[in-house]
Amino acid sequence: GENVEQHPSTLSVQEGDSAVIKCTYSDSASNYFPWYKQELGKGPQLIIDIRSNVGEKKDQRIAVTLNKTAKHFSLHITETQPEDSAVYFCAASEGAGSYQLTFGKGTKLSVIP
Amino acid sequence: ETGVTQSPTHLIKTRGQQVTLRCSSQSGHNTVSWYQQALGQGPQFIFQYYREEENGRGNFPPRFSGLQFPNYSSELNVNALELDDSALYLCASSFRTGNTGELFFGEGSRLTVL
Numbered sequence: 001g002e003n004v005e006q007h008p009s010t011l012s013v014q015e016g017d018s019a020v021i022k023c024t025y026s027d028s029a030s031n032y033f034p035w036y037k038q039e040l041g042k043g044p045q046l047i048i049d050i051r052s053n054v055g056e057k058k059d060q061r062i063a064v065t066l067n068k069t070a071k072h073f074s075l076h077i078t079e080t081q082p083e084d085s086a087v088y089f090c091a092a093s094e095g096a097g098s099y100q101l102t103f104g105k106g107t108k109l110s111v112i113p
Numbered sequence: 114e115t116g117v118t119q120s121p122t123h124l125i126k127t128r129g130q131q132v133t134l135r136c137s138s139q140s141g142h143n144t145v146s147w148y149q150q151a152l153g154q155g156p157q158f159i160f161q162y163y164r165e166e167e168n169g170r171g172n173f174p175p176r177f178s179g180l181q182f183p184n185y186s187s188e189l190n191v192n193a194l195e196l197d198d199s200a201l202y203l204c205a206s207s208f209r210t211g212n213t214g215e216l217f218f219g220e221g222s223r224l225t226v227l
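Note that the protein sequences, when read in sequence, are chains A and B. In this text, residue positions in the first sequence follow my numbering: the first is 1, and each later residue adds one. In this text, residue positions in the second sequence follow my numbering: the first is 114, and each later residue adds one.
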């Protein structure tokens, strides 16, 4: 089955700086890669996703890049704000229709004011 | 539109007991997935229900079972509880034919097995 590795496990940045979280996956059949944000006491919430026919996607301060050859994808957050502090999870699925996601172990992001 | 709601939010059981967790899907969604999230880990896929039938299962034993009802709400049942079953159980709903792939998670039910 699919295996997703995520790094780093913790990340501290100063407010206004950029944060980068990286993930690798094992199954070359995977073609859908979402990123979820989980705040304390809440369920994960989708923040951005990318499909295998796209190399990069951007939504305001958040961007995701995908390298299918190397089987890795990354989340980039620019101009970080204290409210960005949360745990971020990458995931991979064999297709958007299956909804069976394999998650990484998460990155705890702390944005220091 | 209402979001995904789960009950109970917290519960404590002893080893060997049985537990039932409940989930109400977001309005308009026809697919429900259940995930187990151990402390400090990412969610792990348990199974998915579509049109009241199990449609995909992760690496969990048969003592984990579920139901989906005609109104698309769902239950997760766990028999013969073990200490390692202590975790946050997340329900996620989605609309199967949608092309976004987005899962909408509830806030979870935190199960402690003593």
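Where is the CB? At the ideal position from N, CA and C, for every residue including glycine.
- Taking C-beta atoms as the reference points, glutamate 15(A) and isoleucine 112(A) count as a pair closer than 8 angstroms.
- Leaving aside the five residues that flank glutamine 131(B) on each side, the residues in its chain whose CB is nearer than 6 angstroms to its CB run, in chain order, Asn192.
- Nearest to alanine 151(B) by C-alpha distance, out of Ser110(A), Leu109(A) and Lys105(A), is Lys105(A).
- Phenylalanine 218(B) and leucine 46(A) have their C-alpha atoms spaced approximately 9 angstroms apart.
- At a cut-off of 8 angstroms between beta carbons, phenylalanine 177(B) makes no contact with chain A.
- Ranked by Cα distance from tyrosine 32(A), the options Leu11(A), Val20(A), Gly41(A) and Lys57(A) are led by Lys57(A).
- Of the residues assessed, isoleucine 48(A) falls on the buried side of the cut-off, its CB having 16 or more other CB atoms within 10 angstroms.
- Relative to the Cα of histidine 7(A), the nearest Cα in the group Phe73(A), Glu83(A), Thr80(A) and Val54(A) belongs to Phe73(A).
- Counted as a single uninterrupted DSSP element, the beta strand (DSSP E) harbouring valine 20(A) occupies residues 19-25.
- Against chain A, the beta carbon of proline 156(B) has neighbours under 8 angstroms at Pro44, Phe89, Leu101 and Phe103, listed in chain order.
- Of all residues in the stretch 202-227 of chain B, only Leu203, Cys204, Ala205, Ser207, Arg209, Thr210, Gly211, Asn212, Thr213, Gly214, Glu215, Leu216, Phe217, Phe218, Gly219, Glu220 and Gly221 come within less than 9 angstroms of chain A when Cβ atoms are compared, listed by chain position.
- When C-alpha distances from glutamate 165(B) are compared across Ile159(B), Phe182(B), Cys136(B) and Ile125(B), the shortest belongs to Phe182(B).
- By the criterion of a C-beta distance shorter than 7 angstroms, tyrosine 163(B) is surrounded in its chain by Asn143, Thr144 and Arg209, once the five residues flanking it on both sides are discounted.
- Rounded to the nearest whole angstrom, the CA to CA distance from aspartate 198(B) to alanine 205(B) is 19 angstroms.
- One alpha carbon belongs to lysine 42(A), the other to valine 87(A), and they sit about 11 angstroms apart.
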